[in-house]
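Novice: Pasting in a structure now, in structure tokens, and then I'll have a few things to ask.
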Amino acid sequence: LSSASDFSITTAQLYEPASLPCYHQCSGELKWLTSREQTVVATCDQHNRCRAKEGFEMSYEQFRKGNLSMTVTSADHSKKCWYIAACNGQKVCDCSLLIQPVHSSIVFISGQTLSLDLHTMLPLNVKFEGEDSSGNCTLNGRYLECTAKYKGRVNIINNLLVLTALTPSDTGFCIVRELETGDLVANITITVM
Numbered sequence: 049l050s051s052a053s054d055f056s057i058t059t060a061q062l063y064e065p066a067s068l069p070c071y072h073q074c075s076g077e078l079k080w081l082t083s084r085e086q087t088v089v090a091t092c093d094q095h096n097r098c099r100a101k102e103g104f105e106m107s108y109e110q111f112r113k114g115n116l117s118m119t120v121t122s123a124d125h126s127k128k129c130w131y132i133a134a135c136n137g138q139k140v141c142d143c144s145l146l147i148q149p150v151h152s153s154i155v156f157i158s159g160q161t162l163s164l165d166l167h168t169m170l171p172l173n174v175k176f177e178g179e180d181s182s183g184n185c186t187l188n189g190r191y192l193e194c195t196a197k198y199k200g201r202v203n204i205i206n207n208l209l210v211l212t213a214l215t216p217s218d219t220g221f222c223i224v225r226e227l228e229t230g231d232l233v234a235n236i237t238i239t240v241m
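According to this note's numbering, the sequence shown is numbered sequentially starting from 49.
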């Protein structure tokens, strides 16, 4: 692939549609592919058709007008990466899809259980910053390792992080980051009364 191309970054809300912009005339075949695996996720050609893998969309009418943009129908962490649009094998656009972190506040009564959707199967670092102490858990795949304060109280069930027997000392923040990149996945304010 040629290296001269337009560059853009799209930041999407989790599970919302996201458009990866690309505006060029393409008189042959257009392919959108992931930069890391070189997997083709969408194609358009001059024979009145566009095809896309599940989770991606392209419009033939827009393609004919020079709008080569592709839509990710439900942005999530599995689709977060660099995408390349290539016309006849020549790169015309580089687009990065980022996911906005989840921010929320939750109030609990002492003794209740926190169930937190992790939104990704990637290795994670989960840090609890309480008012009087802090601790963390590292989640590599589904293997969980926690500091003493959380050992035995934190489990992974499906894709939920579960913290049992909440106490007022758990009041604070739960910060979830991708282990490899450090990207913020979620920042949850926890209040235990």
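Backbone N, C-alpha and C fix where the C-beta goes; we use that ideal spot for every residue, glycine too.
Once you ignore the five residues that flank residue 194 on each side, which residues in its own chain have a CB closer than 6 Å to its CB?
Specialist: Against the sequence shown, residue 194 aligns to sequence position 146. Once the five neighbours on either side are set aside, the close Cβ partners of residue 194 are 185, 202.
Novice: Out of 238, 104, 114, point me to the one whose CA is closest to residue 131's CA.
Specialist: Mapped onto the sequence shown, residue 131 falls at position 83. Minimum Cα distance to residue 131 is reached at 104.
Novice: Identify whether residue 63 lies in helix, strand or coil by the three-state DSSP scheme.
Specialist: For the purposes of this step, residue 63 is identified with residue 15 of the sequence shown, where counting begins at 1. Three-state result, residue 63: coil.
Novice: Answer with buried or exposed for residue 155, where buried requires no fewer than 16 other C-beta atoms within 10 angstroms of its C-beta.
Specialist: For this step, residue 155 is matched to residue 107 along the sequence shown. Exposed, since its Cβ has fewer than 16 Cβ neighbours within 10 Å.
Novice: Run the CB neighbour count on residue 213, radius 10 Å, all protein chains shown included, and call it buried at 16 or more, exposed below.
Specialist: In the sequence shown, counting from the first residue as 1, residue 213 sits at position 165. Residue 213 is exposed by the Cβ-count criterion.
Novice: Which full runs of the beta strand (DSSP E) of 3+ residues lie inside the stretch 78-139, going along the chain?
Specialist: 78-82, 88-93, 97-100, 118-120, 130-135
Novice: How do the stretch 96-115 and the stretch 149-163 stand: do at least 3 beta-carbon pairs fall below 8 Å, yes or no?
Specialist: no
Novice: Grouping DSSP H, G and I as helix and E and B as strand, with all else coil, what is residue 217?
Specialist: One-based indexing of the sequence shown puts residue 217 at position 169. In the structure shown, residue 217 sits in a helix (DSSP, three-state: H, G or I).
Novice: Using alpha carbons as the reference points, say which of 173, 129, 92, 224 lies closest to residue 82.
Specialist: For the purposes of this step, residue 82 is taken as the residue at position 34 of the sequence shown. Answer by Cα proximity: 129.
Novice: For residue 224 versus residue 232, is the C-beta spacing smaller than 9 Å?
Specialist: Along the sequence shown, one-based indexing puts residue 224 at 176. Along the sequence shown, one-based indexing puts residue 232 at 184. Taking C-beta atoms as the reference points, residue 224 and residue 232 count as a pair closer than 9 Å.
Novice: Based on Cα-Cα distance, which residue from 122, 54, 118, 176 lies nearest to residue 198?
Specialist: Position 150 of the sequence shown holds residue 198. Measuring from the Cα of residue 198, the nearest candidate turns out to be 176.
Novice: Kindly indicate which three-state DSSP category residue 231 falls into: helix, strand or coil?
Specialist: Counted from its first residue, the sequence shown places residue 231 at position 183. If DSSP states are grouped into helix, strand and coil, residue 231 belongs with coil.
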